[in-house]
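J.: In our numbering, the protein residues as written are -5 to 694.
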Ligand SMILES: [Zn+2]
């Protein structure tokens, strides 16, 4: 979009309503989105800022199961907690919706129906993983396994969070049910697929991806690599009982895929914000609207590719203008994790640091993972607050306010005569040039959504003000040259006013307090570059301290807490390892009934050598082996594909039941059976001779 948009629709990723909000969430998308929106609004732009709870994902049903409550109870509990945490930190959504709302169900169903009626979907019956113990299909996060792309052992059925690849459950190596831990079986079921490969070829999509050129390199790079690989069809429906029911006949027991319904949540929430009027359409269906999605990097594929495909095949909607996705924030050397409680929770932070929201906003923006992963440490938090907010910005404002109160009883002085002292003139020029440059750069960076740099320029402006006072020392000069001090203090108060405006996107609570201290609540962005924002004789408010020093003891409490959690986690890991060893012993199969030697002697066991091995198409567990028995070669099918790669078997010695009657499996005659050592926990290992011996040798 080259020309200035008429209005903006800004979204922040819908958080899953299955846990409270931590600093990783805040830094990932809510804080950047809020800063950007405040900046736009400051300029008087027409902006709607949308977010809401994503109440349908599989993690919610898993959480409900774990806590022994219903999914609805889970989402009711966390919707409120999340909403309040955002509010406390000044994340100023126009509207915060919920995907369990009636409007959302209707909107998502109508959207699906439109695509269905336009024959966008491909209806397909496929083999999906099913948990025989839990009697349930295993979609998305109900199933875990090893990522085929990066080898991450904890990949989910819909996505590997380590490399960001979007997956289908059948892509996983060694899949396991997240419900029972069982190895899942395949079972046929019908679903509706978005033919992403076909849509990728369409002219409309090819036009759309030209927009990537203007986007951040991390998102552009990821998208381009997926597109180069070629996109796969993806099911937009699921065999689950929690979600938006699929609104067509023959779809009983199926709901919309959570990543189909969740982004539509942005649309539903906009509708709810406009209270049933058609006003929402302007924000979603008018080309002059800029649609900007703030997300974390794990959501890129859904926002940059799948949702736009849904929007363009529907036909009535605009496509995203920009998607400024962030990378991940780590905590004290480790990945932030809700399940391991390795996080700084917003509601807990506020208990230990009441009314110090802006300090956290400031630090998180200073270290924002805009281009690569970054790390939060409490030491760094302390340093940044103390040496930047307290010593530079806070110190400057405090000196100006206290001196104005002392010298002029809080009334802005009238300057009758500008100073002729060259040293003072030089200090003034240096200060004002520096501030003008910093604020200009700040604005450029805000436009480019480079918020970390933008905030650094804000602090540079405060630094220039602080230096002006240090260079001119009005508290000394006042004894000899009261007129010049009036001019300096007049200037310094104008700078305070500029900082009050410029702080607003980053530090809204501070901005509010500072405007009150200046008794100028209406200061706004339009006057940021004016020379004089406050006039002589203007009565100021009462001075207040903007920021408190962060003490060592306060930091130590946080570090101790994390250390405790680390120890607990390590202990429970050890415990889990012990329990699983024990349970493996308990679950070993009982010994079968006695047999006599003659029974055993009926079995002809021979050593074989694997000459070739390949996968059997459409049979995930089977390998087809060619085995040399010395006297002949046999074709043998073995259900070991989950445990062995074909190539690692070639050349291996195996033990073959050589006189087992042949049987046909998947149209192939299997002429024997391999001996395998196995248990019920997904292990199966070849039982072959320990030393090299010629094929055909008897095993007895
Ligand atoms: Zn991966």
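We put the beta carbon where it would ideally sit given N, CA and C, even for glycine.
Using the beta-carbon count (16 or more within 10 Å), is residue 550 buried or exposed?
T.: exposed
J.: Counting by C-beta, which residues lie closer than 6 Å to a heavy atom of ligand 1, in chain order?
T.: 141, 143, 144, 146, 149, 154, 156, 157, 159
J.: Taking the alpha-carbon positions, what's the residue 64 to residue 236 distance?
T.: 10 Å
J.: In the stretch 361 to 419, which residue ranges form an unbroken beta strand (DSSP E) of at least 3 residues, counting only runs that do not cross its ends?
T.: 368 to 370
J.: Would you grab the beta carbon distance between residue 497 and residue 517 for me? Rounded to a whole angstrom, and I think it's under 8 Å.
T.: Not confirmed; about 11 Å, so no contact.
J.: Within 10 Å of its beta-carbon, does residue 665 have 16 or more other beta-carbons around it, so buried, or fewer, so exposed?
T.: buried
J.: Figure out for me which residue from 686, 260, 415 has the closest Cα to the Cα of residue 287.
T.: 260
J.: Starting from the Cα of residue 1, find the closest Cα among 652, 40, 645, 481 and give me that residue.
T.: 40
J.: Entirely within the stretch 47 to 78 and at least 4 residues each: give me those alpha helix (DSSP H) ranges in chain order.
T.: The DSSP assignment places complete alpha helix (DSSP H) segments of no fewer than 4 residues inside the stretch 47 to 78 at 52 to 61, in order along the chain.
J.: DSSP on residue 310, reduced to helix/strand/coil?
T.: coil
J.: Leaving out five residues before and five after residue 412 in sequence, what residues of the same chain have Cβ atoms less than 8 Å from its Cβ?
T.: Excluding its 5 nearest sequence neighbours in each direction, residue 412 has C-beta neighbours in its own chain below 8 Å: 481, listed in chain order.
J.: Which of the three DSSP states is assigned to residue 160 in this structure?
T.: Note: residue 160 maps to strand in three-state DSSP.
J.: Can you tell me whether residue 627 is helix, strand or coil according to DSSP?
T.: strand
J.: Can you list, in chain order, the residues of its chain whose CB lies under 6 Å from that of residue 185, leaving out five sequence neighbours each side?
T.: Around residue 185, the same chain offers 229, 231 as residues with beta carbons nearer than 6 Å, after the five sequence neighbours per side are excluded.
J.: Are residue 262 and residue 97 closer than 9 Å when you measure CB to CB?
T.: Note that the C-beta distance between residue 262 and residue 97 is below 9 Å.
J.: Let's test the definition: count the other Cβ atoms within 10 Å of the Cβ of residue 111 and tell me whether it reaches 16, buried, or not, exposed.
T.: That one is exposed.
J.: Give the secondary structure of residue 647 by DSSP, where H, G and I count as helix, E and B as strand, and everything else as coil.
T.: strand
J.: Excluding the five sequence neighbours on either side, which residues of its own chain have a C-beta within less than 8 Å of the C-beta of residue 679, listed in chain order?
T.: Non-local beta-carbon contacts of residue 679 in its own chain, meaning distances under 8 Å to residues more than five positions away in sequence, involve 637, 670, 671, 672 in chain order.
J.: Is there contact between the stretch 100 to 119 and the stretch 131 to 143, where contact requires at least three CB pairs shorter than 8 Å?
T.: Between the stretch 100 to 119 and the stretch 131 to 143 there are fewer than three inter-stretch CB-CB distances shorter than 8 Å, so the stretches are not counted as touching.
J.: Can you say whether residue 656 is buried or exposed, counting buried as having 16 or more other CB atoms within 10 angstroms of its CB?
T.: exposed
J.: I'd like the span of the alpha helix (DSSP H) that includes residue 261, first residue to last.
T.: Residue 261 -> alpha helix (DSSP H) spans 252 to 267.
J.: Look at residue 166 and residue 145 and say whether their C-beta atoms are less than 9 Å apart.
T.: no
J.: Can you name the start and end residues of the beta strand (DSSP E) that residue 167 belongs to?
T.: 167 to 171
J.: Quick one: grab the DSSP three-state call for residue 460.
T.: helix
J.: Would you give the residue range spanned by the alpha helix (DSSP H) that residue 98 belongs to?
T.: 96 to 111
J.: Between the beta-carbon of residue 616 and the beta-carbon of residue 559, is there less than 9 Å?
T.: In this structure, residue 559 does not lie closer than 9 Å to residue 616 by Cβ.
J.: Identify whether residue 44 lies in helix, strand or coil by the three-state DSSP scheme.
T.: strand
J.: What ranges does the alpha helix (DSSP H) occupy inside the stretch 171 to 249, keeping only unbroken runs of at least 4 residues that lie completely in it?
T.: 190 to 195, 197 to 202, 211 to 223
J.: Going by alpha carbons, who is nearest to residue 348 out of 503, 426, 513?
T.: 503
J.: Which whole-angstrom value is the C-beta distance of residue 650 and residue 630, which I expect to be below 8 Å?
T.: The beta-carbon separation of residue 650 and residue 630, rounded to 7 Å, stays under the 8 Å limit for a contact.
J.: Pull the bridge partners of residue 140 from the DSSP assignment, please.
T.: 167
J.: For residue 31, is the classification buried or exposed, using 16 other Cβ atoms within 10 angstroms of its Cβ as the cut-off for buried?
T.: buried
J.: Are residue 298 and residue 406 closer than 9 Å when you measure CB to CB?
T.: Their beta carbons are not under 9 Å apart, which means residue 298 does not touch residue 406 by this criterion.
J.: CA-CA distance, residue 585 and residue 217?
T.: 55 Å
J.: Mind checking which residues open and close the alpha helix (DSSP H) that includes residue 277?
T.: Its alpha helix (DSSP H) spans residues 274 to 279.
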